[in-house]
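K.L.:
Protein chains in written order, with my numbering: chain B, 2 to 289; chain W, 2 to 289.
There are 2 protein chains.
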Amino acid sequence: MIDSPQNQHVKLFRSLAEAKHRRETGLFAMEGRRLVAEAVRAGAELMWAAYSPEKFVGPEADRLLHSLMQANVELHEITPRALAAMTHTETPPGIGAVGRIPETYPLAPSPRGGGSAWWLALWQIRDPGNLGSMVRIAHAFGAAGVVAVGPCADFWDPKVVRASAGSVLWVSLLEAEGLPELRVLFGEDSRDGPHNGTTGVPPVLPAPWVLVAADMQAPLACDEAEYALPCVLLVGSEAHGLPEEVLAAADLRVRIPMPGEAESLNAAVAAGILAFQVSRKAARAGQF
Amino acid sequence: MIDSPQNQHVKLFRSLAEAKHRRETGLFAMEGRRLVAEAVRAGAELMWAAYSPEKFVGPEADRLLHSLMQANVELHEITPRALAAMTHTETPPGIGAVGRIPETYPLAPSPRGGGSAWWLALWQIRDPGNLGSMVRIAHAFGAAGVVAVGPCADFWDPKVVRASAGSVLWVSLLEAEGLPELRVLFGEDSRDGPHNGTTGVPPVLPAPWVLVAADMQAPLACDEAEYALPCVLLVGSEAHGLPEEVLAAADLRVRIPMPGEAESLNAAVAAGILAFQVSRKAARAGQF
Numbered sequence: 002m003i004d005s006p007q008n009q010h011v012k013l014f015r016s017l018a019e020a021k022h023r024r025e026t027g028l029f030a031m032e033g034r035r036l037v038a039e040a041v042r043a044g045a046e047l048m049w050a051a052y053s054p055e056k057f058v059g060p061e062a063d064r065l066l067h068s069l070m071q072a073n074v075e076l077h078e079i080t081p082r083a084l085a086a087m088t089h090t091e092t093p094p095g096i097g098a099v100g101r102i103p104e105t106y107p108l109a110p111s112p113r114g115g116g117s118a119w120w121l122a123l124w125q126i127r128d129p130g131n132l133g134s135m136v137r138i139a140h141a142f143g144a145a146g147v148v149a150v151g152p153c154a155d156f157w158d159p160k161v162v163r164a165s166a167g168s169v170l171w172v173s174l175l176e177a178e179g180l181p182e183l184r185v186l187f188g189e190d191s192r193d194g195p196h197n198g199t200t201g202v203p204p205v206l207p208a209p210w211v212l213v214a215a216d217m218q219a220p221l222a223c224d225e226a227e228y229a230l231p232c233v234l235l236v237g238s239e240a241h242g243l244p245e246e247v248l249a250a251a252d253l254r255v256r257i258p259m260p261g262e263a264e265s266l267n268a269a270v271a272a273g274i275l276a277f278q279v280s281r282k283a284a285r286a287g288q289f
Numbered sequence: 002m003i004d005s006p007q008n009q010h011v012k013l014f015r016s017l018a019e020a021k022h023r024r025e026t027g028l029f030a031m032e033g034r035r036l037v038a039e040a041v042r043a044g045a046e047l048m049w050a051a052y053s054p055e056k057f058v059g060p061e062a063d064r065l066l067h068s069l070m071q072a073n074v075e076l077h078e079i080t081p082r083a084l085a086a087m088t089h090t091e092t093p094p095g096i097g098a099v100g101r102i103p104e105t106y107p108l109a110p111s112p113r114g115g116g117s118a119w120w121l122a123l124w125q126i127r128d129p130g131n132l133g134s135m136v137r138i139a140h141a142f143g144a145a146g147v148v149a150v151g152p153c154a155d156f157w158d159p160k161v162v163r164a165s166a167g168s169v170l171w172v173s174l175l176e177a178e179g180l181p182e183l184r185v186l187f188g189e190d191s192r193d194g195p196h197n198g199t200t201g202v203p204p205v206l207p208a209p210w211v212l213v214a215a216d217m218q219a220p221l222a223c224d225e226a227e228y229a230l231p232c233v234l235l236v237g238s239e240a241h242g243l244p245e246e247v248l249a250a251a252d253l254r255v256r257i258p259m260p261g262e263a264e265s266l267n268a269a270v271a272a273g274i275l276a277f278q279v280s281r282k283a284a285r286a287g288q289f
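(1) Under the three-state reduction of DSSP, which class applies to GLU75 (chain W): helix, strand or coil?
(2) May I ask you to list the residues that DSSP assigns as paired with PHE29 (chain W)?
(3) So, for ALA149 (chain W): in the same chain, excluding its five sequence neighbours on each side, which residues have a beta-carbon less than 6 Å away from its beta-carbon?
(4) Give the range of the alpha helix (DSSP H) segment to which GLY130 (chain B) is assigned.
(5) So, does the CB of HIS89 (chain B) fall closer than 8 Å to a CB anywhere in chain W?
(6) Give the residues of chain W in contact with ALA141 (chain B), contact being defined as C-beta atoms less than 7 Å apart.
(7) Of all Cβ atoms in chain B, is any one closer than 8 Å to the Cβ of VAL270 (chain W)?
(8) With DSSP as the reference, label ALA85 (chain W) as helix, strand or coil.
(9) Between ARG82 (chain W) and chain B, is there a C-beta pair that is closer than 8 Å?
(10) Can you tell me which of B:TRP157, B:GLN278, B:GLY151 and B:ALA222 puts its alpha carbon nearest to the alpha carbon of GLU326 (chain B)?
(11) State the beta-bridge partners of TYR52 (chain W) as determined by DSSP.
(12) Establish whether the CB of ALA40 (chain B) and some CB of chain W are separated by less than 8 Å.
(13) Specify the secondary structure class of GLY273 (chain W) as computed by DSSP and reduced to three states.
(14) Taking 8 Å as the limit between beta carbons, can you name the residues of its chain near ILE3 (chain B), skipping five residues before and five after?
(15) Does the CB of TRP120 (chain W) have a neighbour CB from chain B at under 8 Å?
(16) If the cut-off is 9 Å on Cβ atoms, which residues from the region 168 to 192 of chain B count as contacting chain W, listed in chain order?
(17) Identify the residues that DSSP records as bridge partners of CYS232 (chain W): which are they?
(18) With 16 as the cutoff for other CB atoms within 10 Å, does SER5 (chain B) come out buried or exposed?
(19) Mind listing the chain B neighbours of ALA284 (chain W)? Cutoff is C-beta to C-beta under 9 Å, in chain order.
(20) By how many angstroms is the C-alpha of LEU13 (chain W) removed from the C-alpha of ALA38 (chain B)?
(21) Less than 8 Å between CB atoms is the rule here; does GLY44 (chain W) satisfy it with respect to chain B?
(22) How about PHE57 (chain B) and VAL162 (chain B): do their beta carbons lie closer than 8 Å?
(23) Relative to the alpha-carbon of LEU36 (chain W), which residue among W:PRO94, W:ASN8, W:ASN73 and W:ASP252 has its alpha-carbon at the smallest distance?
(24) When the distance is taken between beta carbons, is GLN125 (chain B) closer than 8 Å to GLY146 (chain B)?
(25) Residues of chain W with a CB under 9 Å from the CB of ASP128 (chain B): which are they?
(26) Just curious, the beta strand (DSSP E) that LEU180 (chain W) is in, first and last residue?
(27) Less than 7 Å between C-beta atoms, sequence neighbours within five positions excluded: which residues of the same chain meet that for ALA219 (chain W)?
(28) Kindly indicate which residue of W:ASP224, W:GLY179 and W:ALA45 has the alpha-carbon position closest to the one of LEU170 (chain W).
(29) Excluding five sequence neighbours on each side, which residues of the same chain lie with their C-beta closer than 7 Å to the C-beta of GLY237 (chain B)?
(30) Quick one: is ILE3 (chain B) near chain W, going by C-beta distance under 8 Å?
(31) For VAL247 (chain B), which option in B:ARG285, B:GLY179, B:VAL279 and B:ALA276 has the closest C-alpha, if you only look at C-alpha atoms?
(32) Quick one: what's LEU175 (chain W) bridged to in DSSP?
(33) Would DSSP call SER16 (chain W) helix, strand or coil?
(34) Tell me which residue opens and which closes the beta strand (DSSP E) that VAL161 (chain B) is part of.
(35) In the structure shown, what three-state DSSP assignment does ALA251 (chain W) receive?
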C-alpha cells in the first residue's frame, strides 16, 4: 500500500504537472475514474494506476479495475493521503494513472478512424481549460485533429487533459510555430507534386484545403457561409483574437453574429459554435 | 493604506465568497480591472473599491480610477499583501470592489433595454464556471435573462461573476425551484386573464411561450428546428442532462448533432450552440 508522499510513483505523478518532466519521460498523468476509463477505452498505453481501496468503490469502480487488470496494467493500492498528495483536483479522486503520450507526428491513425474533412487550429490559446474544451469540441464534431499554433497551453498538461474529458486521446494533436509552419504541415504545396516540406513526411491534409478564420469583424455570418472541404478552422483567444496578418491570409472569414451586448464569448464557446457549423457542412457533404 | 488582513474591508470582501454573507449583506465582490470596469459601465451600485497604487498602473488603470472617482465611489489604497489576502484569483489583481446585488424580481429594466424574445433556463448547473459562461452566452445572444432552476451555483459567487465576464450585471437573473415554479414565473396561465400566480407580480414573459429543451436523444437537429417565439431554452448539466419528466413537458426537443465520438460537450459549449440557433431565429423574426 503506497502511503508516503515521497513514494516514487507519487513523485513521478506529481512531476508530470510540469511540461519539462512530461518531455523527459514521454508520460502524462490522469486523475479520476472517467479519465482513466476513457484512456482504457481509447487503447492508451498505461504504465500504472493507483487507487484507494477505501474510496474507489462501487460497480463502476469495479468495472474499471477489472478492465485495467484485463489490460495487464500495473495496479497499486494507495492511501487517500498519498492520493491527495499526488493529485491536483480539489476533491481528490479515488484513482490516478500514468500513461504514455501517444506519437502524434507522423500521424498514427486515430483510434476510431475519423474523418479528414476538417481540422481545428488554435492560435495562442494559453488557458488550459479553454484548450482542453476545444480538443473536446474537435472530437465531438468529427475533426481529424487539432493543431496548436504558436505559444499555447500543452495538450498533456493535467488541466488540459481533464478539460478535454479524455478527448486528447482520440484526436490527432499537432503543433506549429506559426502560419507558415501550419501551411507546411498541411501540405500547401502538394498541388505541385509530392510534398517537400521541412518535415520530410507527407502532409496531414492533402491540398487543396481552405483556411477559415474566426473574425468578429467579418461581414459574413458563420451560418450563412459555404465551407469548402477539406478545411482548417482557425480560432484565436478571446482577449486577442487573430492578428491582422493571419486574417489577411485566410480564404474565408466568418463572424458569429451576436445581438447582445457582451463584448465577446468565451473562446471555447465561440470555437464550439464555429466547429458545429463546419461539421454540419461536412455532414451534408457526406463526409461522416 | 489598507495593509492588515484583519482590516474590515478585507474581511468583508473575503466573506462575500460565501452565499450566506452575500444574502445577509446584499453585496457581492469582484476582482480585477475588467470586472470593475464592466460594473461601472453597467451602472452597478459600487460600495467601495480598493487598489494597489504599486500594481494597478497604466492608462487603462488610470481611466478606471478616474471613472470611479467621477461616480463618487469610495476609493481605498491597499498593499499587494492585503489585496492577495482579500482576493481569490491565482495572480492577485490590482483592484477589487464590492457592489450591491441588483434587485432582480420584480424585474428592473435591464441596463440596455434588451429583447424579450427568449430566456435561457439552466437546470441544476452546479459548476460556477459553467454557470458564469452560460450567463455570458445569454448576454451575447440577446436573451432577456437567465433562470437558474433547482440547485445551481449562485449567480453572485465570485467564480460565477468572473466566468460571466461581468454579464451577471447586464441580464435579468431569476431563480425557480422547479418546472412548476418556472411556469408560474413565466406566466403560464396569463392566457386566461391577469396572472394570479404565487408571486403576485406580473409574469416576466407573457404567455403564450414555448419551452425548448436540449435533448441529446431528440430526433430533431437544433439547426433544422423552427423556434416559435417567445421561448425559454432549457439546458441541463453535462453529467445528467434533463430528467425525463422535464423533457416530456417541453414543447420542442432539439439535439446538437455530433458526428464525432466524444460522449458529450461541455455544458456551456452546448448551451452556446443552442443559444446561437435561437438568437438567429429571433434575429430573422426581427426581434433584435
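All C-beta atoms, glycine included, are put in the ideal place defined by N, C-alpha and C.
The structure presented is a predicted model; accordingly, all values stated were derived computationally and were not measured.
P.N.:
Straight from the coordinates:
(1) Translated into the one-based positions of the second sequence, residue 75 (chain W) becomes position 74. Looking at GLU75 (chain W) - three-state DSSP - the assignment turns out to be strand.
(2) Against the second sequence, residue 29 (chain W) aligns to sequence position 28. Residue pairing for PHE29 (chain W): DSSP places it in a beta bridge opposite W:GLY100.
(3) Translated into the one-based positions of the second sequence, residue 149 (chain W) becomes position 148. The answer, listed in chain order, is LEU123 and GLU176.
(4) Taking the first residue of the first sequence as position 1, residue 130 (chain B) is located at position 129. 129 to 141 is the extent of the alpha helix (DSSP H) around GLY130 (chain B).
(5) Position 88 of the first sequence, counting from 1, holds the residue named residue 89 (chain B). With 8 Å as the cut-off, HIS89 (chain B) does not count as an interface residue toward chain W.
(6) Numbered from its first residue, the first sequence carries residue 141 (chain B) at position 140. Ordered by position in chain W, the residues that pass the 7 Å Cβ test against ALA141 (chain B) are MET259, GLY261, ALA263 and LEU266.
(7) For this step, residue 270 (chain W) is matched to residue 269 along the second sequence. For VAL270 (chain W), the answer is yes, since a Cβ of chain B falls inside 8 Å of its Cβ.
(8) Numbered from its first residue, the second sequence carries residue 85 (chain W) at position 84. Three-state DSSP puts ALA85 (chain W) in a helix.
(9) In the second sequence, residue 82 (chain W) corresponds to position 81, counting from 1. At a cut-off of 8 Å between beta carbons, ARG82 (chain W) makes no contact with chain B.
(10) Residue coverage of chain B in this structure runs from 2 to 289, which leaves residue 326 (chain B) outside it and unanswerable.
(11) Sequence index remark: in the second sequence, residue 52 (chain W) carries index 51 (1-based). BP columns for TYR52 (chain W) point to W:GLU78 and W:ILE96.
(12) Sequence index remark: in the first sequence, residue 40 (chain B) carries index 39 (1-based). For ALA40 (chain B), the answer is no, since every Cβ of chain W falls outside 8 Å of its Cβ.
(13) Locating residue 273 (chain W) in the second sequence gives position 272, counting from the first residue. In this structure, GLY273 (chain W) counts as helix in the three-state DSSP scheme.
(14) Looking up residue 3 (chain B) in the first sequence gives position 2. Answer for ILE3 (chain B): HIS10, VAL11, ALA51, HIS77, GLU78, ILE79, THR80 and ALA83, listed in chain order.
(15) Stepping through the second sequence from its first residue, residue 120 (chain W) is reached at position 119. Output row for TRP120 (chain W): interface = no.
(16) SER168, TRP171 and VAL172
(17) By one-based count along the second sequence, residue 232 (chain W) stands at place 231. For CYS232 (chain W), which the question treats as bridged, DSSP gives the partners W:TRP119 and W:VAL211.
(18) Along the first sequence, read from residue 1 onward, the residue named residue 5 (chain B) stands at position 4. The residue in question, SER5 (chain B), is exposed, as its Cβ has fewer than 16 Cβ neighbours within 10 Å.
(19) Taking the second sequence and counting its residues from 1, one reaches residue 284 (chain W) at position 283. Result: PRO258 and PRO260.
(20) Here the question's residue 38 (chain B) lines up with position 37 in the first sequence. Here the question's residue 13 (chain W) lines up with position 12 in the second sequence. Rounded to whole angstroms, ALA38 (chain B) to LEU13 (chain W) spans 44 Å at the Cα level.
(21) As a working note, residue 44 (chain W) is residue 43 in the second sequence. So no, GLY44 (chain W) is outside the interface.
(22) Taking the first sequence and counting its residues from 1, the one referred to as residue 57 (chain B) is at position 56. Taking the first sequence and counting its residues from 1, the one referred to as residue 162 (chain B) is at position 161. No, these two residues do not count as a Cβ contact at 8 Å.
(23) Along the second sequence, read from residue 1 onward, the residue named residue 36 (chain W) stands at position 35. Answer by Cα proximity: W:PRO94.
(24) Position 145 of the first sequence holds residue 146 (chain B). Position 124 of the first sequence holds residue 125 (chain B). Cβ atoms of GLY146 (chain B) and GLN125 (chain B): not closer than 8 Å.
(25) Here residue 128 (chain B) refers to the residue found at position 127 of the first sequence. Result: empty, since nearest Cβ-Cβ is about 11 Å, beyond 9 Å.
(26) Taking the second sequence and counting its residues from 1, the one referred to as residue 180 (chain W) is at position 179. Segment 180 to 186 is the alpha helix (DSSP H) holding LEU180 (chain W); no beta strand (DSSP E) there.
(27) Residue 219 (chain W) sits at position 218 when you count from the first residue of the second sequence. Annotation for ALA219 (chain W): ARG254, VAL255 and ARG256 place their beta carbon closer than 7 Å to its own, counting only its chain and skipping 5 residues before and after.
(28) Position 169 of the second sequence, counted from the first residue, corresponds to residue 170 (chain W). Among W:ASP224, W:GLY179 and W:ALA45, the Cα nearest to that of LEU170 (chain W) belongs to W:ALA45.
(29) Within the first sequence, the letter at position 236 stands for residue 237 (chain B). Excluding residues within five positions, the ones whose Cβ falls inside 7 Å are TRP124, GLN125, ALA215 and LEU243.
(30) Position 2 of the first sequence, counted from the first residue, corresponds to residue 3 (chain B). Taking Cβ atoms only, chain W never reaches closer than 8 Å to ILE3 (chain B), which makes this a no.
(31) Along the first sequence, one-based indexing puts residue 247 (chain B) at 246. Measuring from the Cα of VAL247 (chain B), the nearest candidate turns out to be B:GLY179.
(32) As a working note, residue 175 (chain W) is residue 174 in the second sequence. Answer is W:VAL148, bridged to LEU175 (chain W).
(33) The residue labelled residue 16 (chain W) in the question sits at position 15 within the second sequence. Helix, per DSSP.
(34) Position 160 of the first sequence, counted from the start, is the residue given in the question as residue 161 (chain B). Run containing VAL161 (chain B): none in the beta strand (DSSP E); it sits in the alpha helix (DSSP H), 159 to 164.
(35) Locating residue 251 (chain W) in the second sequence gives position 250, counting from the first residue. Here ALA251 (chain W) sits in coil by DSSP.
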